[in-house]
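Notes for the one structure printed next.
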Amino acid sequence: MDTNHESDDIKIMVKIGKLVLVVALGLGMSTPARSIVIEGGPHDGTDVGGIDTYLKEISGMNSGDQTVTDWVNLILATEFEKEDLSKTENVKWFFTDVNKVIAFKLQTGPGYYVVKNARLHVLFQNAFDFDWGVINLGSISGDIKLGDDMKISHVSEFGESTPVPVPEPGSLGLLGAGLLILGLFRRRKTLLVRAAGSPAMARA
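The sequence shown begins at 0 in numbering that gives the first Met the number 0 and counts up by one.
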């Protein structure tokens, strides 16, 4: 039996497995993504998590509570009532350490919120720190017209927040490495079984 080729295959797989394990351990020890921090004002240095998810915007819509609620239901396919809306006017916003990203306090820890300024309504999903709205102004195509007074006309909050755990890159790397190593060892076992059952091995 020619076992040299199979032996070489096994050695290569073992080496690959060791390499993948080293890379996975490196990913597992990697530093999580940096959170966004407020710069200046009474909340200077406050960690506000990450950027909330932009969903939709509309210009020129009436800002009545029922109209806003109906628009949110249309976008989200939800059944919020007007009474579910919690609105705060003249909301103070703050600069952060990320360009074009601002943060402001939320009152109810909502799952979603609508920012209204000038003639623009913008819907966001609250994705990280539920006590704070964190928005990237660069994601908004319309003119939200935030002035020097650093206030948002009003913020309408809907629903309860539902934390969704997001795997860190290191965790995903470890999972992928583990699956790959498992596959390598299964392959190695198959080669050994075939080698043991071959006629040449039997004659030996």
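Yeah, the Cβ is synthetic: ideal placement off N, Cα and C, and Gly gets one too.
Give me, in chain order, the residues of the same chain whose beta-carbon lies closer than 7 Å to that of residue i; leave out the 5 immediate sequence neighbours on both sides.
i     : result
ASN72 : GLU78, PHE79
LYS81 : ASP64, GLN65, THR68
Given that a residue counts as buried once 16 or more other Cβ atoms are within 10 Å of its Cβ, and exposed if not, what is residue i?
i      : result
PRO41  : exposed
ASN116 : buried
ALA76  : exposed
LEU136 : exposed
Only counting the same chain, and skipping five residues up and downstream in sequence, which positions put a Cβ closer than 8 Å to that of residue i?
i      : result
ILE139 : TYR53, GLU56, LEU119, VAL121
TYR111 : LEU54, VAL71, LEU75, LEU122, PHE123, GLN124, ASN125, GLU156, PHE157, GLY158
PHE103 : VAL90, LYS91, TRP92, PHE93, TRP131, GLY132, ILE151, VAL154
Whole angstroms is fine: what's the gap from residue i's alpha carbon to residue j's?
i      : j      : result
GLY141 : THR95  : 21 Å
SER34  : PHE127 : 10 Å
GLN124 : GLU38  : 23 Å
ILE134 : ILE143 : 12 Å
PRO109 : MET149 : 22 Å
GLY63  : ASP46  : 33 Å
SER58  : LEU105 : 23 Å
VAL36  : LEU145 : 20 Å
In the DSSP output, which residue or residues are listed as bridge partners for residue i?
i      : result
THR52  : GLN124
LYS144 : Beta-bridge pairing links LYS144 to no other residue.
ASN72  : According to DSSP, which records beta bridges pairwise, ASN72 is partnered with nothing at all.
LYS81  : DSSP output for LYS81 lists no bridge partner at all.
ILE101 : PHE94, ILE134
Short check: CB of residue i to CB of residue j, under 9 Å?
i      : j     : result
ILE151 : VAL97 : no
VAL113 : VAL67 : yes
If I measure Cβ to Cβ from residue i and keep anything under 6 Å in the same chain, skipping five residues before and after, which residues do I get?
i     : result
LYS86 : HIS153, SER155
Could you check whether the Cβ of residue i sits closer than 8 Å to any heavy atom belonging to the ligand SAM?
i      : result
LYS115 : Among the components of this structure there are no ligands whatsoever, and the ligand SAM is therefore not found.
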